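Residue numbers (our numbering), protein chains in the order written: chain A, 1426 to 1713; chain B, 1426 to 1713.
One structure is given here, and the rest of the page talks about it.
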């Protein structure tokens, strides 16, 4: 896992080589190269490995996924959105580079990500698969994915919402990209049959679990543990898994969801220690 | 030309079909379906036609180009950037939907555009060409294109800059997308040889000319003529072609650049009344 993280970081560093105008590349690098768990790209790589594929086929897409994730964080943190000062243990992008550059750094990352996939995925990968991976990438990014989740999340602030709406937010803001990461790994590895969908389903559950864990840690965690200001959600009167279900049920649900993610792997004979570990780690970090 | 505009508008309307969450799709529709000249998509279609290609091959990319253009306008108009209240004769996106939705509507458009190209370009178009069109699309969008130009533009406010920097802004903020539109039309029409590059060069010049015309009209135009607040650039102490060269030279240069754009068409035997008309119209509108 450590080696994969190093591989991802080295490639992100390469893809984000400093160019003119320096300021925007520095802003992109600042957020993308910040200390992160790289969970989404790790899942993409491991998903490919679990399907018997070459991880070099997936490395560009894995890096693109991290870029997209960072783009969404930079824009989410803006004063007009969640207005966050800290992220990944450092000041947010707009706090360092100003709001204009932060907006543009997000746009630039969203534009660079597909170029990385197109230019750096090995020629051996079928072009039809590559195009469908790009299509799903942008589905996860846009109004049917992360953006859609964020929109409903903003609209729901200071309002009572039902459980369907809450689940929509959770699945779209976080679930879609995890789902895509796992599925893209399988597709780019050349997996056919039921594996891509099984891994998509695993990814979706992991994303859901990850957000529940995040909501739990917003209540129980420290700034050192989570790398951002804790207690922010309740201060903003945000709907979170915890505000909906309470800490106790949140913890139980988290455990059950991660168990069911692992069961999907078992049922589909997907052998990967790391994918199991990821599910277990989410639980361990949030449930003390 | 009128029929092409109707075709573009009908397809934009279709691609932007209202979905849940409505608010974001409405915001996207508000800016994209606003009255616009559709100059970039028109150039893409006509470029394909001039290469003897089927415009249906280019229609999705043409619409994607308009979406990208609108995305850049929505983000440029934000209070943290140019802080504009009017655009295309109506209130700017954030004035109607708020800043958060405006940021997200831009992100959603940038994510929808490639999906339109991937899903709606006819199967007959070679997948390698499609991937290279997507790559060039995002080059025009990102830190080596529109975003790069906007970054240098922001950094240059209230500062003296040299002519190289000024030209960088002009070519990237405006030129790149025009260049891409003309080139993509040729590529998707299956053109080979020198035509794609010749059309790219035509597009680049038209983009340059278009920005000069815009700068002239910011000084001499009315809000009715230009659909946005005039005099804004000089109020913001912005570097414009006019602030650099004065009105008289701006007008002469505009005429010369449009003539040289037409000469490229002639030299490469590219027959298209509309591409000539576009060059002439830019001059006619700005030089009274």
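Note that the Cβ used here is the ideal one computed from N, Cα and C, for glycine as well.
All figures in this text were calculated on a predicted structure; none of them were measured in a lab.
Proximal residues of chain A, C-beta to C-beta of residue 1506(B) below 9 Å:
1524, 1525, 1528 and 1529
Looking at residue 1453(B) and residue 1559(B), is the spacing between their C-beta atoms short of 8 Å?
no
Where does residue 1516(B) fall in DSSP's three states?
strand
Out of curiosity, what's the CA-to-CA distance linking residue 1602(A) and residue 1526(A)?
24 Å
Which whole-angstrom value is the C-beta distance of residue 1519(A) and residue 1507(A), which I expect to be below 8 Å?
No, residue 1519(A) and residue 1507(A) are not in contact; Cβ-Cβ is about 11 Å, not under 8 Å.
Is the CB of residue 1489(B) under 8 Å away from at least one CB in chain A?
no
Any C-beta of chain A sitting closer than 8 Å to the C-beta of residue 1567(B)?
yes
What are the boundary residues of the alpha helix (DSSP H) that residue 1549(B) is part of?
Premise fails: residue 1549(B) is in no alpha helix (DSSP H) and is neither H nor E.
Bridge partners - residue 1511(B), DSSP secondary structure assignment
1516(B)
If contacts are defined as beta-carbon pairs under 8 Å, then residue 1562(B) and residue 1539(B) qualify, I think. What distance do you get, rounded to the angstrom?
7 Å
For the putative contact between residue 1509(B) and residue 1653(B), defined by C-beta atoms under 8 Å, what is the C-beta separation to the nearest angstrom?
6 Å
Where does residue 1549(B) land, buried or exposed, given buried means 16+ other C-beta within 10 angstroms?
exposed
Identify, in the order they occur along the chain, each residue of the same chain with its Cβ nearer than 6 Å to the Cβ of residue 1456(B), setting aside the five sequence neighbours on each side.
1495, 1499 and 1518
Nearest by alpha-carbon distance to residue 1544(A): which of 1555(B), 1481(B) and 1511(B) is it?
1555(B)
Once you ignore the five residues that flank residue 1474(A) on each side, which residues in its own chain have a CB closer than 7 Å to its CB?
1480 and 1697
I need the DSSP call for residue 1499(A), collapsed to helix, strand or coil.
helix
Of all Cβ atoms in chain A, is any one closer than 8 Å to the Cβ of residue 1448(B)?
yes
Near-chain A residues of the region 1532-1558 of chain B (beta-carbon distance less than 7 Å), N- to C-terminal order:
1532, 1533, 1535, 1536, 1537, 1539, 1540, 1543, 1544, 1552, 1553, 1555 and 1556
List the residues of chain A that residue 1564(B) touches, going by C-beta distances under 7 Å, in chain order.
1540
Of all the alpha helix (DSSP H) runs that stay within the bounds of the region 1642-1666 of chain B, which reach a length of 4 or more residues?
1648-1651 and 1657-1660
Where does residue 1570(B) land, buried or exposed, given buried means 16+ other C-beta within 10 angstroms?
buried
How big is the Cα-Cα spacing for residue 1694(B) and residue 1688(B)?
10 Å
Name the chain B residues that come within less than 7 Å of residue 1503(A), Cβ to Cβ?
1528
For residue 1712(A), three-class secondary structure by DSSP
coil
Burial state of residue 1648(B), where buried means 16 or more other Cβ atoms lie within 10 Å:
exposed
Whole-angstrom distance between residue 1465(B) and residue 1708(A), CA atom to CA atom
51 Å
Three or more beta-carbon pairs under 8 Å between the region 1580-1592 of chain B and the region 1657-1672 of chain B, yes or no?
yes
Pick from 1612(A), 1699(A) and 1529(A): whose alpha carbon is nearest that of residue 1598(B)?
1529(A)
Using DSSP with H/G/I as helix, E/B as strand and the rest coil, what is residue 1691(B)?
helix
With DSSP as the reference, label residue 1443(A) as helix, strand or coil.
coil
To the nearest angstrom, how far is the alpha carbon of residue 1469(A) from that of residue 1567(A)?
20 Å
How far does the alpha helix (DSSP H) with residue 1592(A) in it extend, from its first residue to its last?
1588-1595
State yes or no: is the beta carbon of residue 1572(B) nearer than 8 Å to at least one beta carbon in chain C?
Note that chain C does not occur in the displayed structure, where the protein chains are A and B.
Listing by chain order, which chain A residues have their CB less than 9 Å from the CB of residue 1436(B)?
By Cβ distance, chain A contributes nothing, its closest Cβ being about 18 Å from residue 1436(B), past 9 Å.
Members of the region 1575-1598 of chain A that neighbour chain B once the beta carbon cut-off is set at 7 Å:
1575, 1576, 1577, 1579 and 1580
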